[in-house]
Structure formats: structure tokens, C-alpha cells
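Asker:
There are 2 protein chains.
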Amino acid sequence: MDDIDRTIISLLSQDARRALSDIGAHVGLSPSAVNERLRRLVASGAIQRFTVAVEAQALDLPILAFVWIALSERADEAAFRAHAAADPQIEECHHVTGEWSYLVKMRTGSLADLETFLAGLKQQGFLGRSQTVLALSSPVPGVFVPPCAG
Amino acid sequence: MDDIDRTIISLLSQDARRALSDIGAHVGLSPSAVNERLRRLVASGAIQRFTVAVEAQALDLPILAFVWIALSERADEAAFRAHAAADPQIEECHHVTGEWSYLVKMRTGSLADLETFLAGLKQQGFLGRSQTVLALSSPVPGVFVPPCAG
DNA sequence: TTGCGGTCATGGATGACATTGACCGCACAA
DNA sequence: TTGTGCGGTCAATGTCATCCATGACCGCAA
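If you read the protein sequences in the order shown, they are chains A and B.
Residue 22 is where the first sequence starts when you use this note's numbering, and the numbers rise one by one after that.
Residue 22 is where the second sequence starts when you use this note's numbering, and the numbers rise one by one after that.
1) Given that a residue counts as buried once 16 or more other Cβ atoms are within 10 Å of its Cβ, and exposed if not, what is residue 165(B)?
2) Would you please state the rounded distance, in angstroms, between the beta carbons of residue 184(A) and residue 35(B)? I believe it to be under 8 Å.
3) Can residue 65(A) and residue 149(A) be called in contact, C-beta distance under 8 Å?
4) Count the other CB atoms, across all protein chains shown, that sit within 10 Å of the CB of residue 45(B); report buried if there are 16 or more and exposed otherwise.
5) Assuming contact is defined by CB atoms lying nearer than 8 Å, are residue 134(A) and residue 110(A) in contact in what I supplied?
6) With a threshold of 8 Å between beta-carbons, can residue 172(B) be considered close to chain A, or not?
7) Would you mind stating whether residue 125(B) and residue 90(B) have Cβ atoms separated by less than 8 Å?
8) When we look at the beta-carbon of residue 98(A) and count the other beta-carbons within 10 Å, is it buried (16 or more) or exposed?
9) Would the beta-carbon of residue 72(B) fall within 8 Å of that of residue 72(A)?
10) So residue 157(B) contacts chain A; which residues on that side make the cut at Cβ distance below 9 Å?
11) Can you give me the C-alpha to C-alpha distance between residue 169(B) and residue 67(A), rounded to a whole angstrom?
12) What is the rounded straight-line gap between the Cα of residue 40(B) and the Cα of residue 140(B)?
13) With distances taken from CA atoms, which of 87(B), 122(B) and 118(B) is nearest residue 112(B)?
14) With 9 Å as the C-beta to C-beta threshold (strictly closer), list the residues of the region 119 to 148 of chain B near chain A in chain order.
15) Per the DSSP calculation, residue 147(B) is bridged to which residue(s)?
16) Check the Cβ of residue 57(B) against every Cβ in chain A and list those closer than 7 Å, keeping chain order.
17) Could you tell me whether any Cβ in chain B is nearer than 8 Å to the Cβ of residue 68(A)?
18) Rounding to the nearest angstrom, what Cα-Cα distance links residue 128(B) and residue 108(B) in this structure?
19) My output table needs one value for residue 41(A): the three-state DSSP class, helix, strand or coil.
20) Hey, residue 156(B) and residue 117(A) are a contact pair by Cβ (cut 8 Å); roughly how many whole angstroms apart?
21) Taking Cβ positions only, does residue 38(A) come closer than 8 Å to chain B?
22) For residue 27(A), count neighbouring C-beta atoms within 10 Å of its own C-beta (all shown protein chains included) and say buried if the count is 16 or more, exposed if not.
23) Look at residue 130(B) and residue 96(B) and say whether their C-beta atoms are less than 8 Å apart.
24) Can you list, in chain order, the residues of its chain whose CB lies under 6 Å from that of residue 42(A), leaving out five sequence neighbours each side?
25) May I have the straight-line CA-CA distance separating residue 154(A) from residue 121(B), to the nearest angstrom?
26) Express the C-alpha separation of residue 103(A) and residue 151(A) in angstroms, rounding to a whole number.
27) With 8 Å set as the bound, which would you pick, yes or no: does the beta-carbon of residue 50(B) sit closer than that to a beta-carbon of chain A?
28) Which parts of the region 103 to 134 of chain A are runs of the beta strand (DSSP E), unbroken and 3 residues or longer, counting only runs that do not cross its ends?
29) Would residue 171(A) count as contacting chain B if we go by Cβ distances under 8 Å?
30) Can you find the residues in the same chain that come closer than 8 Å, C-beta to C-beta, to residue 58(B), ignoring five residues on each side of it along the sequence?
31) Classify residue 53(B) as helix, strand or coil using the three-state DSSP reduction.
32) Quick check: the Cα distance between residue 143(B) and residue 31(A), rounded to an integer number of angstroms?
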């Protein structure tokens, strides 16, 4: 993992369909050399997968919510994680420091779906307390372009 | 945007390097037809861009923090957004309901970098109050695979 | 029913591209 | 100096995206 690798990752973050020859021109390597580095980056797990950034509106998921969760005392933590992983509405689920146990980031089609999700948690005995925060807008898109060369 | 489009998006979310013929086999279309749909999905903005999912550890960014921010009374909201957008450490910045104005999700190399970020906000007069929550682990990876066919 | 226009998928030709393997040079250790 | 391994270039090959002409299907109006 040197500066060239980081530059390659940065370029791919912006556009993962760039040609190897194009990347090579940026970093001063042949397409083959870039391909070999790319293979290693994927094999090592540094690049987890190639994917697409999707506009939530296009998928009819206008609600973006952050839900703070404190598990109930009798909750099985592993079961909760499995539950979260299985719900396609959940984009992220983080174990966090502080007052709450988990922070869940989720997209739903409506506020009713959000209520249903929380009701499900309660019914299965996971939920101690929770607090929901709605996102109104995102001034910074979810772009993750890692620092280039440094 | 019909079920076929949604399926295409779902397949690309898992692996954006799938061949058009492979996608076509899943949805029952020819490669050309898939290509045409893909072109429209990109043109309409439903697919914002092709990118790669990067493991933060590989980039020496072990700290994942959520920072709640209440702007100071004299803060210029647009300036704050520009400031956030310009910081490569910030992955997301959401305008939210409730007690706080903004929720910032950021990755840094160290806790010191986090302090530096907050100090910078204060120095520029943006910061009213703030509260930082650290993520310890992510039981659910940041995969966003939209619901398929439904 | 028939005729028409628009939308959308098909299939094949073409060119670009990823991929592979052989070869080369350099750094390092014995 | 010599052997070894890593990481690069270059050229050949096969796959694939892309483009275009053609044709099927659907809704609508006469």
C-alpha cells in the first residue's frame, strides 16, 4: 500500500469504470501493472467490492433516519445484529460509545415503515429505549474519496 | 424505473463489474437492452456513479466518529456546508431534526485529528455545541443493496 | 379491423479493453 | 559475484461494451 495504490483507489472512488490505461497514465504505469496492483488491492480486502452509488429518491426511499438504540437487558446482542443485517432498509449499524448501544442508519419509504421497524424490535424483545432523528438534507453527498497521495 | 431496473441496480450494487450478458441472463434481456437501460439509469441520475467500497483500515483511518453539531448563532450555514464538503475526512453531513442541527460522519487517522477538526470549527465561529460519538464496530457493513423486485 | 407512430428489444459487426504469459531490470542476501 | 524474488514492460489473445439497422409489440384513431 504505497502512494500509487492510494491514488488508484482515489481514482476508482470517483469513477470505477476508468480504463486501466487511463489510470496508468495518471500514476505513470502500464495497464498491466495497474491491473496487477488492482488484483492485489482486491485480494487483500483493501477494495471490498465494486459497486454503484444510487440516488435514494429513485428507489422510493425518501426517509433517511438515524435511530439510537439501547438494547433491553434481556436482549441477545448477536441476535440483534443478525436482525439488523437481515433488514434491507438498514444501511449501517454501528456499535457506539456513550449513552446508546447502537446507531442505525436506515432508509424507508415512509414514516410508517420506520414505526413498523421499531415495533418489530420491541416485539422481539431487543428494544430498551430508542430515539429517532430524521435527516432533512445532505449538504455533503456520501462520497468517500480517500486522500490522494498522502 | 420498473422491477427490471431495480433488479439491475441491485445486481450492480453487489458487483458493479458484472458483464451485461450476465445481468441480462438474470433479468431476461439481451446485453444491448441491459446496456440501454443502464445508460438511462445513469443519465436520469438514479445511478449517480460507479465506485469502489474501501476498507477504512487499509487507508489508515481507524477512527469512525459521529459528531453532532449545533451551529453558533452567528454561523453562516452555507459557509459551514462548504467547509464540510471540502474536508476529505467527512464522509457524510446531514441536516437533521431535533436537538442538533447537523450530524457529521467522519473518518480520521487518530483522535487528535478529530480534536483538530472540532478546534477548526470553533476557530471559524461555526461551532455552538457539539457531541462526539465513536463507533466501535460495524456489525452491518455499509452495503446498500436495494430491495430486489419490490 | 386496419393503419400508424412510438417504444423497446434483438442480433451482428466492430473496436476497445482486460487479461495473460514471456521477458527484463533492479534490489537484496548469500 | 551470483541467485532469487518482486514488480515492471510489452505483445498477443479473447472477451466484452458499444453501435446501428432491423423487427416486434402496444396503444390509439379512423
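The beta-carbon is built from N, C-alpha and C at its ideal position, and this holds for glycine as well.
Note that the coordinates shown come from a computational prediction; the quantities given were computed from them, not determined experimentally.
Answerer: If we stick to the structure as given:
1) Here residue 165(B) refers to the residue found at position 144 of the second sequence. In this prediction, residue 165(B) scores a pLDDT of 46, lower than 50, which makes its location untrustworthy; no coordinate-derived value is stated.
2) Because chain A spans 22 through 171 in this model, residue 184(A) falls outside it and cannot be assessed.
3) As a position in the first sequence, residue 65(A) is number 44, starting the count at 1. As a position in the first sequence, residue 149(A) is number 128, starting the count at 1. Going by C-beta atoms, residue 65(A) is not nearer than 8 Å to residue 149(A).
4) Start at 1 with the first residue of the second sequence, and residue 45(B) comes out as number 24. Result: buried.
5) As a working note, residue 134(A) is residue 113 in the first sequence. As a working note, residue 110(A) is residue 89 in the first sequence. Yes. Within cutoff.
6) Because chain B spans 22 through 171 in this model, residue 172(B) falls outside it and cannot be assessed.
7) Residue 125(B) sits at position 104 when you count from the first residue of the second sequence. Residue 90(B) sits at position 69 when you count from the first residue of the second sequence. Contact flag set, yes.
8) Within the first sequence, the letter at position 77 stands for residue 98(A). Result: exposed.
9) Walking along the second sequence from the start, residue 72(B) turns up at place 51. Walking along the first sequence from the start, residue 72(A) turns up at place 51. Their beta carbons are under 8 Å apart, which means residue 72(B) touches residue 72(A) by this criterion.
10) In the second sequence, counting from the first residue as 1, residue 157(B) sits at position 136. Ordered by position in chain A, the residues that pass the 9 Å Cβ test against residue 157(B) are 115, 116, 117 and 118.
11) By 1-based counting over the second sequence, the position of residue 169(B) is 148. By 1-based counting over the first sequence, the position of residue 67(A) is 46. In this prediction, residue 169(B) has a pLDDT of 38, which is less than 50 and means its spatial position is unreliable; what the coordinates show is noted afterwards. In a straight line, the C-alpha of residue 169(B) is about 27 Å away from that of residue 67(A).
12) Here residue 40(B) refers to the residue found at position 19 of the second sequence. Here residue 140(B) refers to the residue found at position 119 of the second sequence. For residue 40(B) and residue 140(B), the distance between alpha carbons rounds to 48 Å.
13) Here residue 112(B) corresponds to residue number 91 of the second sequence, with the count starting at 1. Nearest option by C-alpha distance: 87(B).
14) 119, 120, 121, 123, 124, 125, 126 and 128
15) Within the second sequence, the letter at position 126 stands for residue 147(B). For residue 147(B), which the question treats as bridged, DSSP gives no partner whatsoever.
16) As a working note, residue 57(B) is residue 36 in the second sequence. Correct list: empty, because the minimum Cβ distance to chain A is about 17 Å.
17) Position 47 of the first sequence, counted from the first residue, corresponds to residue 68(A). Under the Cβ distance rule, residue 68(A) counts among the residues neighbouring chain B, one pair being separated by less than 8 Å.
18) Counting from 1 along the second sequence, the entry for residue 128(B) is found at position 107. Counting from 1 along the second sequence, the entry for residue 108(B) is found at position 87. Roughly 11 Å between the two C-alpha positions.
19) Position 20 of the first sequence, counted from the first residue, corresponds to residue 41(A). In this structure, residue 41(A) counts as helix in the three-state DSSP scheme.
20) For the purposes of this step, residue 156(B) is taken as the residue at position 135 of the second sequence. For the purposes of this step, residue 117(A) is taken as the residue at position 96 of the first sequence. Correct: roughly 5 Å between the Cβ atoms.
21) The residue you call residue 38(A) lines up with position 17 of the first sequence. At least one chain B Cβ lies under 8 Å of residue 38(A).
22) Taking the first sequence and counting its residues from 1, the one referred to as residue 27(A) is at position 6. It is buried - the Cβ of residue 27(A) has at least 16 other Cβ atoms within 10 Å.
23) Taking the second sequence and counting its residues from 1, one reaches residue 130(B) at position 109. Taking the second sequence and counting its residues from 1, one reaches residue 96(B) at position 75. No, the Cβ-Cβ distance between residue 130(B) and residue 96(B) is not below 8 Å.
24) Taking the first residue of the first sequence as position 1, residue 42(A) is located at position 21. Here the set comprises 52.
25) On the first sequence, residue 154(A) is found 133 positions in, with the first residue counted as 1. On the second sequence, residue 121(B) is found 100 positions in, with the first residue counted as 1. About 9 Å.
26) By 1-based counting over the first sequence, the position of residue 151(A) is 130. By 1-based counting over the first sequence, the position of residue 103(A) is 82. Taking the straight line from one Cα to the other gives about 18 Å.
27) Here residue 50(B) is taken as the residue at index 29 of the second sequence, counted from 1. Chain A, which has no Cβ nearer than 8 Å to the Cβ of residue 50(B), makes this no.
28) 111 to 117 and 123 to 129
29) Position 150 of the first sequence, counting from 1, holds the residue named residue 171(A). Residue placement at residue 171(A) is poorly supported in this model, since its pLDDT is 31, which falls under 50; the coordinates are not used for a value here.
30) Residue mapping note: residue 58(B) aligns to position 37 of the second sequence, counting from 1. Result list for residue 58(B): 25, 26, 29 and 50, in chain order.
31) To locate residue 53(B), count along the second sequence from 1; it is residue 32. Three-state DSSP puts residue 53(B) in a helix.
32) Translated into positions along the second sequence, residue 143(B) becomes position 122. Translated into positions along the first sequence, residue 31(A) becomes position 10. Roughly 30 Å separates the two Cα atoms.
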